[in-house]
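Those sequence lines, one after another, are chains A and B. Just remember that our numbering sits 1297 ahead of the position in the first sequence, which is counted from 1. Just remember that our numbering sits 136 ahead of the position in the second sequence, which is counted from 1. Encoded as structure tokens, the structure appears first; notes follow it.
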Amino acid sequence: MMDSVAQSAWEGFRLVASWPNILYPIAGTFMAMAVAFLPGISGATLMALMIPLTLSWEPLPVVLLYGGLVGGATFMGSITAILFNVPGTGPSAATLLDGYPMAQQGRARTAIGCAAISSAGGSTIGIGVLIALVPLMRQAILAFGPPELLVLMVWGLATMAVVSRGSFTRALIAMGLGLLLAFVGRDPRTAELRFTFNTMYLWDGVGLVPVVLGLFSIAEVTNLGVAGRHTVSGRTRADQLTGSAVDGARAVLQHFGLFVRSSLIGTVVGIIPGVGGTVASFLAYGHAVQTSRDRDGFGRGDIRGVIAPEAAHDAKDGGALVPVLAFGIPGSEGTAVLMAALLLHGIVPGRALMNEQLPLVFVIIWSLFLSNWLTSIAGLLLVNPLSRLTTLRMDVLAPLIMALAAIGAFVYRQRIEDVGLAFLFGGIGYLMKKHGWPRIPLVVALLLGGGIELNLHITSQLHGLGRLDLWHRPVFMAIGLLTLASLALPFAQEIRSSLTGRRP
Amino acid sequence: MVSRRYVLAGLGAAAAAAAAAGLRHRPSSLRGTTPCGAVAGRSIRWIVPNAPGGGYDTETRMLEPFLERALGAGIAVENLPGAGGIIGARAIAAARPDGLTLGVIGMPGLLLAALAGTAGAPDPVRAFSILARLGRSWHIWATGGSSPLKTLDDVLREGSRRALVFAVNEIGSANIASIAVTAELLGQRVELVAGFGGTRAASMAALRGDVDLVCFDFETIRELVEGGDLRPVLQVSAAPIAPHPSLNRVALLGGADGAAERQAALHGRSIADARGLAEALFAVMGSGRLAVAPAGLDAGLFDCLSNTLYGVLAGPGAQAATTRPLDTARGGEALADVRRASAEAPALLPILGDAMRRVRR
């Protein structure tokens, strides 16, 4: 089996690297990168737009192009998060927590360099795991059912509650608010409407993207205005900026253990259908905070807060291909369109693809690998001009950020109401920041609340029907223990520090 | 101090950006006067009521080049997901009937939502001009590949001892009606575990053995069936769903020799009632996914659009390009099917209502 995997991997690599095949993933990467900078078109929409254009193509170029499209958009969303506090994609929201404070300190170059290397390295680990998992893909996916998803999400929530800056009570209240917002809309199980106030807009719940854009981007612009700051970095000339991309790359090596662990978190989350990159990024961020002895710097420009979400975010792409290739289960919008494109060209994901067309599977994997590295290299090459944007005057930048936030909010679901929601949360976010209330627990609870509720219902119903034996589900037990450990760790550290007389 | 100027400038820019984005939704005015000429050279807004990458979206995008060529118009696909397809359907129904706003709707779900009084659901018969039928969704019951339940007889035997457990997506969808009515016809007790995030996630639950069965459109789980991950045990139809080897020996629900009538006879229930209920179910499920325009389309324009769309859908190019077989019909035939389904659907409502009440309990 391993011989045939190795042969197929080599055959796939040969197909990607040969001329002119190599042009397709490169073209796909640059198209996705361009789109990531254009508000209004998401990576998934670009992929959907490409479907009619590629109808008459042979299957191989389509696979090569789509590999590039999947990988291209991932890293670029983080650049706007670092520079302007505007997450280009959902998963980039975790990067802004420390990436943007770094830009405010004039260290945008270091943050972008670190993000680029973490992304490329994370994707390499994700793809490495994907290749290693090829013979075990099906078992890996089947190991994650509703109980496992439930404990994974509870772990995410527990981690964020524990690591939030400031008062634990305030973090719990913010989390409660996030959960309340997550329950607005149709009950995912019974389809009954809850807290919708007779408006159809709320049927599908409170959107995560407008809330994040409001709480962070709009609130930050408002805050900078109130503080009278003239530029994001507080500097007006590029030569006043500090740090370099090399410093960012070096930081990844200095925190290599965290980088590897975050990449593995991203890969595992990616494998689970329907969980997504945003959860991966926040879980990795929470893990970084929780496993660090000195946590005071997090949220204030700690480079570890960039390494963890970026590595997890890109590592997730490799993992996310597992359910698509093994079962035809798309775990995200992007992989859903990828699957549609494959089906159109007679490539049917599932057992037959894994058994009979393994080289084609590796063509996708290598295209994705190439694409992830290309975006990071482009990010490194552009680090100087990009970092100069932090020296732009706020009266030029603020309208741009507001416009980006408004367009981003609208494009999310094509609802004009979401623009209003973003500005409402802009006001709420400003007040929370001003009065020292943590915003992350609110966002993470909104992100995970629906999934926790749904999987809790399914798990309890299946358990009630005698269909689950939780004691014999090792993945459930393992993640459950991790959750308990996450909750216990801060108390253990507290006790230890009180015994030794040192701060944790 | 507060730089009011730049905050105001920001708000202004945001408003302008939002307004520009909103402008995309303004319907264009009708320029031409001849049928179909009214849309030739223009851009048609084609509304898809689910997200990019979904089944309807993919199908539309595959048909897009054929439709553009035949109509001589550009087609801009607009995804308006949400509320189980009701938001997209409402947007089509509310547009001006000028031929420049068309779209696709799933009639069985919309029909049941409207009959059940779901808020905001448009009247499926009166709110639209039905241009053509793209296809129909015929369901199968399937067990996991390694399940001991390998045939309908196995399922019925197990069902006589305990309730059969199904994984479903969400309550209110057409497949809940399909499961509940089929179970009623077979005299089975079922437990619906709802909330799985899509067809594939529910299918994985069956494959893992967390549930006994799933019930979905055959075409949406065809690959899983072909790969041996799912095993069909019942065709929820009166005739074979598709000429597919995996369905060769799979029981049919309807027809004189179907499982519904056999079970009715076995349990001393009225065969005529069973036949009537099965036919009502098939009428609703057979109403299909439709290409529609807002109601009130000019008769000449309707004929032209309807004929052109049907020509495209029935043509070999479109048939070859789609991932699932098109089961096309002209607008008039599709409308007749919808009217029949609308008349038959009330027979399903008590069973559907009961199933939904049990899940919500």
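All C-beta atoms, glycine included, are put in the ideal place defined by N, C-alpha and C.
When the Cα atoms are used, what is the spatial distance from B/R160 to B/A337? Below a pLDDT of 50, predicted positions are generally treated as unreliable, and B/R160, at 39, falls in that range; no measurement from the model is reported.
Check whether the Cβ of B/R344 lies closer than 8 Å to any Cβ atom in chain A. Interface residue, yes.
Express the C-alpha separation of B/H380 and B/T287 in angstroms, rounding to a whole number. B/T287 and B/H380: Cα-Cα distance of roughly 17 Å.
Option nearest A/I1424 by Cα separation, candidates A/G1567, A/T1756, A/L1580: A/G1567
Below 6 Å CB to CB, which residues in the same chain sit around A/L1580 once its five sequence neighbours on both sides are set aside? Result list for A/L1580: G1453, I1562, in chain order.
Alpha carbon to alpha carbon, how far is A/L1697 from B/S164? Give it in angstroms, no decimals. Residue confidence is low: B/S164 scores 37 on pLDDT, short of 50, so the model does not pin down where it sits. No coordinate-derived value is stated.
Along the alpha helix (DSSP H) that carries B/H380, what are the first and last residues, could you check? That residue, B/H380, is in no alpha helix (DSSP H); it is neither H nor E in DSSP.
Do A/L1361 and A/V1619 have their C-beta atoms within less than 8 Å of each other? no
With the cut-off set at 8 Å, would you say B/L216 and B/G224 are in Cβ contact? yes
Answer with buried or exposed for B/W182, where buried requires no fewer than 16 other C-beta atoms within 10 angstroms of its C-beta. buried
Along chain B, which residues have their Cβ under 7 Å away from the Cβ of A/E1489? R496
If I measure Cβ to Cβ from B/V386 and keep anything under 6 Å in the same chain, skipping five residues before and after, which residues do I get? P368, Q371
I'd like to know whether the C-beta atoms of A/A1608 and A/S1560 end up nearer to each other than 8 Å. yes
Since B/Q371 sits in a beta bridge, which residues does DSSP pair it with? B/I276, B/L388
Could you tell me which of A/G1504, A/M1373, A/Q1402, A/R1526 sits nearest to A/A1695, measuring between CA atoms? A/R1526
Residues near B/A206 by beta carbon distance below 6 Å, same chain, minus five either side: These residues qualify, in order along the chain: T444, V448.
Taking the beta carbon of A/R1414 as the centre, do at least 16 other beta carbons fall within 10 Å, making it buried, or is it exposed? At residue 1414 of chain A the sequence reads Ile, which differs from the Arg that was named. Answer is buried; the Cβ neighbour count reaches 16.
Strictly under 8 Å for the Cβ-Cβ distance: is B/L216 near chain A by that measure? The beta carbon of B/L216 sits closer than 8 Å to some beta carbon of chain A.
Return no unless some Cβ of chain A is closer than 8 Å to the Cβ of B/E327. yes
What residues are listed by DSSP as bridge partners for B/I266? B/V428
Neighbourhood of B/G295 by C-beta distance below 6 Å, restricted to the same chain and skipping five residues each side: Q324
Under a CB-based cut-off of 8 Å, is B/A410 close to chain A? Judged by the 8 Å Cβ criterion, B/A410 is not in contact with chain A.
So if I threshold CB-CB distances at 7 Å, which residues from the segment 1384 to 1398 of chain A count as touching chain B? none
Tell me whether the beta-carbon of B/L366 lies closer than 8 Å to the beta-carbon of B/G281. yes
Assuming B/L216 is part of the beta strand (DSSP E), what are its boundary residues? Careful: B/L216 lies outside any beta strand (DSSP E) and carries neither H nor E.
Would B/E359 count as contacting chain A if we go by Cβ distances under 8 Å? yes
Taking 8 Å as the threshold (C-beta atoms), are A/A1306 and A/V1506 in contact? no
Would you say B/A481 reaches chain A, if we count a Cβ-Cβ gap shorter than 8 Å as a contact? no
Runs of 4 residues minimum, wholly inside the segment 319 to 346 of chain B: which ones carry the alpha helix (DSSP H) assignment? 335 to 344
Contact defined as beta carbons within less than 8 Å: I believe A/A1804 pairs with A/V1740. What is the distance between those atoms, to the nearest angstrom? No answer is possible for residue 1804 of chain A: the residues shown for chain A start at 1298 and end at 1801.
Going by other Cβ atoms of all chains shown within 10 Å of its Cβ, with 16 needed for buried, is B/V347 buried or exposed? buried
Do the segment 1535 to 1546 of chain A and the segment 1675 to 1687 of chain A meet, that is, are 3 or more Cβ pairs less than 8 Å apart? yes
Could you name the residues of chain A that B/G256 contacts, counting a contact when the two beta carbons are closer than 7 Å? M1497
In whole angstroms, give me the CA-to-CA distance for A/I1604 and A/V1557. 10 Å
Three-state secondary structure (DSSP) of A/I1348: Helix, per DSSP.
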